[in-house]
Structures are given as C-alpha cells and as structure tokens.
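Asker: First the structure, then my questions, so here it is.
Numbering (UniProt numbering), first residue to last: 1 to 132.
Right, dumping it as structure tokens:
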C-alpha cells in the first residue's frame with residue numbers, strides 16, 4: 001500500500017493576488033509551483049501545521065481562514081492528501097528559505113504556472129472563487 005502523506009497548503013491572498021511558491025532544486029517536484037505549506041505533524045490541527053510551516057518556510061505569520069478543498073494525488077513516492085486554506089499574511093513579506101521563488105500572482109493568471117499536480121484542483125477552485 002502506498003504511503004499516505006497528509007499536508008496543508010496556504011492560499012495566501014492580498015487583494016486579487018495569490019502567493020505562489022516555486023519548489024527549490026533540493027525538493028521533490030523541483031521547479032513546480034505550489035501553495036506554501038507542508039506536512040501535518042502528530043497532534044497538530046491542519047491550521048496549526050499551516051501556521052508552523054509558513055513560519056518555518058517563509059518566516060512569516062499568517063491568519064488562516066476557511067478551507068478551500070481537500071484533494072488526493074498519487075505520486076510515485078506515495079499519496080499526498082492536500083488540504084488548502086485561504087489565509088492572509090499578518091506581519092512581513094515572505095522570505096525564501098526552501099523555495100526557489102515566491103511571487104504574488106493575479107488569481108486569473110494562476111493557471112499559467114506549472115503547478116504540482118496535487119495543487120491543481122485547488123488552483124482551479126481559487127481561480128473560480130475570484131472570478132465569481
């Protein structure tokens with residue numbers, strides 16, 4: 001049976017822009033874009049994990065809002081169960097620690113980036129949310 005990996009991602013918004021993070025060369029799926037986040041550790045809620053991961057990876061604090069969606073994707077290394085939440089940064093601009101790049105992208109243009117497959121369903125929902 002494939003390993004199941006529970007992860008969270010933040011759809012961080014600023015007006016009509018969304019923060020996209022490009023995975024670094026040392027990461028699996030290097031070069032693909034994702035919503036920043038990471039693995040849920042034992043005893044954490046998804047929201048707690050997301051706040052911790054954003055602090056570790058981007059050195060910023062975020063207010064976590066409503067859930068966007070939960071999706072599953074089968075990679076060769078296991079099945080990723082990704083739960084995404086809307087959020088806003090409350091202190092400072094993100095600082096790169098693991099990612100190759102982060103950028104604020106107009107929601108309508110999100111689909112133009114090469115996203116990690118697990119993130120694609122959430123991208124589609126976010127684009128639709130801002131188009132409504």
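Where is the CB? At the ideal position from N, CA and C, for every residue including glycine.
(1) Helix, strand or coil: which one does DSSP assign to residue 8?
(2) Keeping to the same chain, check which residues put their C-beta closer than 6 Å to that of residue 66; ignore five residues upstream and five downstream.
(3) Could you have a look at residue 113 and say whether DSSP puts it in helix, strand or coil?
(4) To the nearest angstrom, how far is the alpha carbon of residue 19 from that of residue 127?
(5) What is the DSSP secondary structure of residue 54, counted as helix, strand or coil?
(6) Might you give, ordered along the chain, the residues of its own chain that have their beta carbon closer than 7 Å to the beta carbon of residue 43, omitting 5 neighbours on each side?
(7) Can you tell me which of the three DSSP states residue 132 falls into?
Answerer: Let me spell this out:
(1) To locate residue 8, count along the chain shown from 1; it is residue 8. If DSSP states are grouped into helix, strand and coil, residue 8 belongs with the strands.
(2) The sequence position of residue 66 within the chain shown is 66, counting from 1. These residues qualify, in order along the chain: 86.
(3) Sequence index remark: in the chain shown, residue 113 carries index 113 (1-based). Here residue 113 sits in coil by DSSP.
(4) In the chain shown, counting from the first residue as 1, residue 19 sits at position 19. In the chain shown, counting from the first residue as 1, residue 127 sits at position 127. Going by the C-alpha atoms only, they are around 13 Å apart.
(5) What you label residue 54 is simply residue 54 of the chain shown in a count that begins at 1. Three-state DSSP puts residue 54 in a helix.
(6) Against the chain shown, residue 43 aligns to sequence position 43. Cβ within range, chain order: n/a, list empty.
(7) Here residue 132 refers to the residue found at position 132 when the chain shown is read from its first residue. In this structure, residue 132 counts as coil in the three-state DSSP scheme.
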